[in-house]
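Residue numbers (this note's numbering), protein chains in the order written: chain A, 1 to 275; chain B, 276 to 941.
Just so you know, even glycine gets a beta-carbon here, dropped at the ideal spot from N, CA and C.
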Amino acid sequence: MSEERPVAARLEVTDLSVSFGGLLALDGVCLVVEPGSVTGLIGANGSGKTTLLDAISGFVIPSGGTMHLDGVALSDYIPEERVELGVVRSFQDCTLYPELTVHDTLMLNEDARRAVGVISTSLQLPWERRTERAKRRAVDNVVESFGLGRFRDHLTGHLSTGTRRVVDLASIVLARPRLLLLDEPTAGIAQREAEAFIPLLRRLHEVTGCTVLIVEHDVPLVFELCPMVYVMQSGTVVASGSPDELRHDPRAVAAYLGASEEATAVTGPIGRAGP
Amino acid sequence: MSVPISVVVEGAILGLNYGLLAMGLTLVYRTSRVVNFAQGQLGVVAAVFMVKLYYDFGFYYLAALVIALALAAAAGAGSELLLRRLYGRPRVQVMVATIGLSQVLYLLTVLPFIRPKKLFRPFPVPIHLTFHIGSFLFAPGQVLTLIVAPVVTVALALFVRYSSWGLAMRAMSENSDSARLSGVWVRRVSTMAWTIAGVLSAVTAFLASPSQTSALTQVLSPDLLLLALLAALLGGMFSLPVAFVAGIGVGIVQEVLGWNINSPSTGTATVELILFVLLQGALLLRGASLQGRRRGVERASWTTGTASFRPVGEAFRLKVGNAGVVLALVACTALPLFVGVGRSFLMSQICIYAVIALSLTVLIGWAGQVSLGQVAFVAVGADVATHFSQSVPLLPLLLLAGVITAAVSVLVGLTALRIRGLYLAVSTLAFALFMQTSVLSTSCWTVPFVHRRICSGLPNPESTLVSRPSLFGLSLSSERAFAWFSLGVLVVSVLIVRLWRDHGVARRLIAVRDNEEGAAAAGIPVMRTKLLAFALSGFIAGYAGVCLALATERFSTATFDPTVSLLVVSMVVIGGLDSVPGAVLGALYLVGLPAIFGTTSTTQFLTSGIGLLAFILYLPGGMAGVMHRGGDLVADALSRGLDRWRTNEEVPPSAAVGDAVSEAQA
């Protein structure tokens, strides 16, 4: 906890394009995420939301445009290095590592910051032992505060999706993000648990104090959480603004919200359990 | 360089055999996602039986042919029925199961009602056609290949293209679950594929056997299987026509190269070198392009399964387990005092193979990189020992060999950055074969085109003597002392590997194996971690190689046959893929048991082949799983005994029974 750097980072994406073969998945996307804010990104399936996250975190190489984190060009770094810069992301499927225990999964985030030395581990040199102990303490604290104590030595592959998502959030805290990219954090979990996620996500934002960009299909959740929302359609940003503005923005309604209002009518708004 | 037509035709005939095998491999892979290492052996049984029918029973050729083909079909279908229950398992296990299967099939050929009275007779050929190209005479067997192989191929292609079975096979190779949901009877289809593979294998054996002295010659010899695999991989493990044509191409390349480089001493080594380079190139190109397409499938299926994982149990169970380990260690330490020279030597062998198996536990079990060429790294270590055993003290020698081998291993591991799974397995198998046939067995050879001579520095690769150095002034020349030394090396290795497991080295490897993108997103350097796995594994294999050379006191290429690699992989699989004690148990079983029950090939095949299959089929957790369960049972029995003993002291038995009864009533 010693090294101090400005926690929240500012993300600026300018004219970003990504093409898969002949298909233009992102076509000149521009967006700005202000430091410390929670920003939502919504859009229909295939509109390029996840591709945008992939590009920012480095798993997809853009064909044009720039991405800057506090003025640093992200394109110069591979995904592992972007984590060091503070770009942390979660994955939609939240696979984690099926054959690692919860404890080991969380330890990985500590390993990323202070690498395990093979030779010093083999010889059990004192400083290696000290580092390992310090890492364990940090992880145990997080395990405790997320209420994961019961699952500490379970394989993540044996956990329910909901519990895996909590483990994912715990590992995010350990990763100390400056920009957090969440890819559908409530996918695959029940409506009621998803509602319980809102305070959890708020708390995560308070604890880490980072900038959050969240991709989500659950529009009520996004509108609840995010003061600023971008709407994407076929690879471009078609509308942006506060939830209230978007509700009355014809482009946003046409692009995504229209369908979503019908969906809300079917599943019911927040507060009532879905079918 | 004008190559005579006859050489090309000869190569094509050879290649037709590769093509047939490759189609069998592809067909099986498409329907059941298994690389069938028994593909060659399926047909050998039928070929041997064919000789028996023709000569011993005096059958007509055609009748014998039909019966033998039926036997091959039955062998294929039977194998599928046997392996069927493994389809949900990690694919390394299934692959090793097919190695076991090939040994069982070999065992069948030894049975008296299949094995002919006289083995060395010309294989029957129904035609007497011969022809000349230039001065080269093509024998009837070769003519037969030229006629039959294309016909079989066309028939198979039509079958797959136009029959409903073929459609089902194509659907299954795309998505087995969806095919099942749309009503394809996947099990029947996969049985069908194996049956066809059996027949194809038999046809290959019938066509290849006339040019050999005995039908029993192993069709499974790694180089032949490797070239067939190469052809199948060039077809992407998917396309039958491409696999067939690639097979012919491989055969022609092999023969033409052999003709071009015809100096007898350096010829084969150079051919191997060029084939190796071609193969690596093909694998890199093909593997990388294919894996982009099916990355999800490849990734999901090469994890090891959670077989050897134990949730943390009671402290008492752990205590009993540790006590068991200490007891076993004491017993092993005392053992050389009570057994003779031969048994002491066997003990060193078991210990050393256990260390080699540990190197694979790291690489396959943790990192998920399936290496079928581990023995090549052991050979590098042994090579270092032959050069420096006199000049460098033992402990630095072990470290030196470890570091050099780690470097070689990382070089091979560079291919793993682009390819993984099956492609890496084939690539490492090729590396092992290349090391044995070219680098180690030829003391000096000329690199083609640049005409440089390269020497491995071994005066006589067939058998170079290595003398044992002393350890801190203690002589290791007696077998007993060496057994203790080997045990010491094993114990230290186990301790270090356990440290890696418990203190963070392993979790990085496992994380990258399970979820590469996730690990990268968590800030774990993926490439470095992959190479680290190769370095660690190579390091262990390297110093194990020194021990092996010192144990046998000679360096001979025969020790480093690629089949030994398969044996070591088998150890790790039956021991329990990612389990440290499993590697030791696997070595104990596969090296110790055959030696104790006599060294005839039959017993060896019984223990390794059938034992291997039985272990994989019925004990998915491997021997480590059995050991853990057994240990827990003992611990529970002990703790119950202790409880009873304590209650006997404190409470009169009648009162205890009364309590129990009232509890039961309540």
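- The three-state secondary structure of phenylalanine 324/B, taken from DSSP, is helix.
- In this model, arginine 366/B and glycine 905/B are separated by some 27 Å (Cα to Cα).
- Residue state for phenylalanine 830/B is assigned as strand, using DSSP reduced to three classes.
- Taking the Cα positions, valine 231/A is about 6 Å away from valine 238/A.
- Excluding residues up to 5 positions away in sequence, Asn292 lie with their Cβ nearer than 6 Å to the Cβ of alanine 483/B in the same chain.
- Annotation: leucine 180/A is outside any alpha helix (DSSP H); the continuous beta strand (DSSP E) that includes it extends over 179 to 183.
- In terms of beta-carbon proximity, tyrosine 97/A lines the interface with chain B, with at least one pair separated by less than 8 Å.
- Of the candidates Ala175/A, Pro250/A, Gly36/A, the residue whose Cα lies closest to the Cα of aspartate 70/A is Gly36/A.
- Residues of chain B whose Cβ lies closer than 9 Å to the Cβ of aspartate 140/A do not exist, since the nearest Cβ in that chain is about 15 Å away.
- A direct Cα-Cα distance of roughly 52 Å separates glutamine 92/A from alanine 824/B.
- With fewer than three CB-CB distances shorter than 8 Å, the region 656 to 670 of chain B does not count as touching the region 856 to 864 of chain B.
- In the displayed model, serine 307/B falls within a helix according to three-state DSSP.
- Contact annotation: glycine 315/B and leucine 612/B have beta-carbon atoms that are not nearer than 8 Å.
- Between the beta-carbon of glycine 351/B and that of alanine 454/B there is about 21 Å, and that puts the pair past the 8 Å contact cut.
- When C-beta distances to chain B are compared with 8 Å, the residues of the region 99 to 117 of chain A below that value are Glu99, Leu100, Asp104, Thr105, Met107, Leu108, Asn109, Asp111, Ala112, Arg113, Val116, in chain order.
- Distance check between threonine 690/B and each of Leu560/B, Arg359/B, Ile785/B places Leu560/B closest, using alpha-carbon atoms only.
- At a cut-off of 8 Å, the C-beta of isoleucine 679/B has no neighbouring C-beta in chain A.
- In the three-state DSSP reduction, serine 453/B falls in the helix class (H, G or I).
- With a beta-carbon spacing of about 6 Å, valine 18/A and threonine 51/A fall inside the 8 Å limit used to define contacts.
- Boundaries for threonine 428/B: no beta strand (DSSP E) harbours it, while the alpha helix (DSSP H) harbouring it runs 415 to 437, taken from the DSSP string.
- The beta carbon of phenylalanine 91/A sits closer than 8 Å to some beta carbon of chain B.
- With respect to chain A, the C-beta atom of aspartate 789/B has a partner C-beta closer than 8 Å.
- Look at leucine 300/B: its C-beta is not under 8 Å from any C-beta on chain A.
- Only those residues of the region 120 to 134 of chain A whose C-beta falls short of 8 Å from the nearest C-beta of chain B are listed: Thr121, Ser122, Gln124, Glu128, Glu132.
- The DSSP-derived three-state label of methionine 898/B is helix.
- Residue state for histidine 403/B is assigned as coil, using DSSP reduced to three classes.
- At a cut-off of 8 Å between beta carbons, alanine 796/B contacts chain A.
- Under a criterion of Cβ atoms nearer than 9 Å, the residues of chain B adjacent to valine 83/A are, in order, Ala795, Ala796, Ala797, Gly798, Ile799.
- Here arginine 783/B is buried, its C-beta having at least 16 other C-beta atoms within 10 Å.
- Within a 10 Å sphere around the beta-carbon of phenylalanine 395/B sit fewer than 16 other beta-carbons, which makes this residue exposed.
- The three-state secondary structure of tyrosine 77/A, taken from DSSP, is coil.
- Of all residues in the region 168 to 182 of chain A, only Ser171, Ala175 come within less than 8 Å of chain B when Cβ atoms are compared, listed by chain position.
- Chain-ordered listing is empty here: chain A has no CB closer than 8 Å to the CB of glycine 763/B, the nearest sitting near 16 Å.
- Taken through DSSP and simplified to helix, strand or coil, isoleucine 408/B comes out as strand.
- DSSP places phenylalanine 20/A outside any alpha helix (DSSP H); the residue lies instead in the beta strand (DSSP E), whose first and last residues are 11 to 20.
- DSSP places aspartate 111/A outside any beta strand (DSSP E); the residue lies instead in the alpha helix (DSSP H), whose first and last residues are 102 to 113.
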